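Asks:
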Amino acid sequence: GENVEQHPSTLSVQEGDSAVIKCTYSDSASNYFPWYKQELGKRPQLIIDIRSNVGEKKDQRIAVTLNKTAKHFSLHITETQPEDSAVYFCAASRGAGKSTFGDGTTLTVKP
Amino acid sequence: EAQVTQNPRYLITVTGKKLTVTCSQNMNHEYMSWYRQDPGLGLRQIYYSMNVEVTDKGDVPEGYKVSRKEKRNFPLILESPSPNQTSLYFCASSLGAKNIQYFGAGTRLSVL
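Written as structure tokens, this is what we have:
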């Protein structure tokens, strides 16, 4: 089955700096890669996703890049703010229902 | 308001006592899924459903059952709960498997 590894498990940055979280996946048939943000005590919420026919996608301060050959994808957050502090999860899916998540990255943005 | 509703939000039970966690969505979504979340292990998929009467196992299905008799409902059944099923459970739904998943608020289950 699919295996998703996410790094780092914790990340601390100064406000205004950039943050990068990386995920690798094992199933070359995976073609959908969402990223979720989970604030403390809340439910996960999608922040950005990318499909395998696209190499990069950007939404304001958030971007995701995908390297299908190397089977890895990354989340980039620029100009970080304290409200970006949360746990971030990557996931990989074939689109046929099964979805595998990474173990999460706890991002702390220091004011 | 578009939402995924889980009940109950909190549940304490004892080993072996059958329980059901309900999940309902009002967005006419075809895809629904159950996850459990444990510290350091992220979200692990238990079961998913692509449509009515179509369900399949995720990565950790042992000890769980589901049913999808109606499009809006996807209950999670623990026939004989054990302490290792103590966890935070999330239900999610989406238009399809490659669309945004909307999560319920979660059900915190403790099995004593």
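Chains as they are written, first to last, in the working numbering: chain A, 1 to 111; chain B, 1001 to 1112. Yeah, the Cβ is synthetic: ideal placement off N, Cα and C, and Gly gets one too. Computed from a predicted model, the values in this text were never measured in an experiment.
Any idea if S99/A is buried or exposed, counting beta-carbon neighbours within 10 angstroms, 16 or more meaning buried?
Replies: Translated into positions along the first sequence, residue 99/A becomes position 99. Burial call: buried.
Asks: Using DSSP bridges, identify the partner residues of K1017/B.
Replies: The count along the second sequence starts at 1 and reaches residue 1017/B at position 17. DSSP, once it has assigned bridges, lists no residue as partnering K1017/B.
Asks: Strictly below 7 Å CB to CB, what residues from chain A border L1041/B?
Replies: Counting from one through the second sequence, the residue named residue 1041/B turns up at place 41. Under the 7 Å cutoff, chain A gives D103.
Asks: Looking only at its chain, what residues have a beta carbon closer than 6 Å to the beta carbon of N1073/B, apart from the 5 residues adjacent to it on each side?
Replies: For the purposes of this step, residue 1073/B is taken as the residue at position 73 of the second sequence. Hits under 6 Å: S1024.
Asks: Are C1091/B and L1076/B close, meaning C-beta to C-beta below 9 Å?
Replies: Here residue 1091/B refers to the residue found at position 91 of the second sequence. Here residue 1076/B refers to the residue found at position 76 of the second sequence. Result yes, Cβ atoms of C1091/B and L1076/B sit closer than 9 Å.
Asks: Taking the alpha-carbon of G1042/B as reference, which of V1060/B, V1052/B and A1097/B has the nearest alpha-carbon?
Replies: Position 42 of the second sequence, counted from the start, is the residue given in the question as residue 1042/B. Of the candidates V1060/B, V1052/B and A1097/B, the one whose C-alpha sits nearest the C-alpha of G1042/B is V1060/B.
Asks: Should D1038/B go down as buried or exposed, given a rule of 16 or more other Cβ atoms within 10 Å for buried?
Replies: By one-based count along the second sequence, residue 1038/B stands at place 38. D1038/B is exposed by the Cβ-count criterion.
Asks: CB-CB under 6 Å to K58/A, same chain, minus the five flanking residues each way: which ones, in chain order?
Replies: Along the first sequence, one-based indexing puts residue 58/A at 58. Nothing listed; no residue qualifies.
Asks: For G1040/B, tell me which candidate among G95/A, R94/A, N53/A and Y88/A has the shortest Cα-Cα distance.
Replies: As a first step, residue 1040/B must be located in the second sequence, where it is residue number 40. The option with the nearest alpha carbon to G1040/B is Y88/A.
Asks: Since A92/A meets chain B, which of its residues come closer than 8 Å, beta carbon to beta carbon?
Replies: In the first sequence, the residue the question calls residue 92/A occupies position 92. Near A92/A there are no residues of chain B at all, since even the closest Cβ is about 11 Å away, more than 8 Å.
Asks: Under 9 Å between C-beta atoms, does Q1025/B make it to chain A?
Replies: On the second sequence, position 25 is the one that residue 1025/B refers to. No, because no Cβ of chain A sits closer than 9 Å to the Cβ of Q1025/B.
Asks: Among R43/A, E39/A and S12/A, which residue has its Cα nearest to the Cα of Q1101/B?
Replies: By one-based count along the second sequence, residue 1101/B stands at place 101. Closest option to Q1101/B, Cα to Cα, is R43/A.
Asks: Starting from S93/A and walking both ways along the beta strand (DSSP E), at which residues does that stretch end?
Replies: Residue 93/A sits at position 93 when you count from the first residue of the first sequence. Counting along the chain, the beta strand (DSSP E) containing S93/A begins and ends at A86 to S93.
Asks: Taking the Cβ atom as the reference point for each residue, do V4/A and G102/A lie within a distance shorter than 9 Å?
Replies: In the first sequence, counting from the first residue as 1, residue 4/A sits at position 4. In the first sequence, counting from the first residue as 1, residue 102/A sits at position 102. Yes, Cβ-Cβ distance for V4/A and G102/A is below 9 Å.
Asks: In chain order, what residues of the same chain have a beta carbon less than 6 Å from the beta carbon of W1034/B, not counting five sequence neighbours either side?
Replies: Here residue 1034/B is taken as the residue at index 34 of the second sequence, counted from 1. The answer, listed in chain order, is I1046, Y1047, L1076 and C1091.
Asks: Between I21/A and P34/A, is the Cβ-Cβ spacing less than 9 Å?
Replies: One-based indexing of the first sequence puts residue 21/A at position 21. One-based indexing of the first sequence puts residue 34/A at position 34. No, the pair does not count as a contact, with Cβ atoms beyond the cut-off.
Asks: Taking the straight line between their C-alpha atoms, what separation do you get for C23/A and E1062/B?
Replies: Counting from one through the first sequence, the residue named residue 23/A turns up at place 23. Counting from one through the second sequence, the residue named residue 1062/B turns up at place 62. Computed Cα separation, rounded: 27 Å.
Asks: Got a sec: which bits of the segment 42-69 of chain A sit with their beta carbon under 9 Å from any beta carbon on chain B, in order along the chain?
Replies: The residues in question are K42, R43, P44, Q45, L46, D49 and R51.
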